[in-house]
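Sequence positions in the sequence shown follow my numbering and run 48 to 137.
Contents: one structure, followed by commentary.
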Amino acid sequence: MASNSRFPDHYEALGLPDNATFRTIEAAYWQLARRLQGQALNRLNEAYEVLSSERRRQEYDARRQARKSTPPAPAPTRTRPRLFAHFGAS
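Okay, structure coming up:
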């Protein structure tokens, strides 16, 4: 699943599969934390904070699964305003 600003993919941030163990999550975090800085490090810290807590990870996985099973909303359609309708033009 691709990440977006509203719902980041924490597994993707750590480069891990959905079924990663806590030890794998921790190892990936520390390996990446040594190399990253700025916004990338902030994203990594957020991912680790969620995935390293059993309760937060379960909540995150449930929300993530719900998002996967919900089809995306259709894109809004734009209609041109009828600027000259009062002149009888269509």
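Ideal placement from N, C-alpha and C gives every residue a C-beta, glycine not left out.
For residue i, the three-state DSSP class (helix, strand or coil)
i, result
"residue 62", "coil"
"residue 134", "helix"
"residue 100", "coil"
"residue 69", "helix"
"residue 91", "helix"
"residue 111", "helix"
"residue 79", "helix"
Residue i to residue j span [Cα, whole Å]
i, j, result
"residue 57", "residue 116", "18 Å"
"residue 119", "residue 73", "32 Å"
"residue 93", "residue 129", "48 Å"
"residue 107", "residue 126", "38 Å"
"residue 82", "residue 70", "19 Å"
"residue 123", "residue 78", "42 Å"
"residue 65", "residue 101", "14 Å"
"residue 68", "residue 109", "17 Å"
"residue 103", "residue 121", "30 Å"
Contacts around residue i, its chain only, beta-carbon distance under 8 Å, and the 5 residues preceding and following it disregarded
i, result
"residue 76", "61, 91, 94, 95, 99"
"residue 88", "80"
"residue 55", "90, 93, 94"
"residue 48", "With a pLDDT of 45 at residue 48, under the threshold of 50, the modelled position of that residue is not reliable, and the figure given next carries that caveat. Around residue 48: 56, 59, 111, 114, 115."
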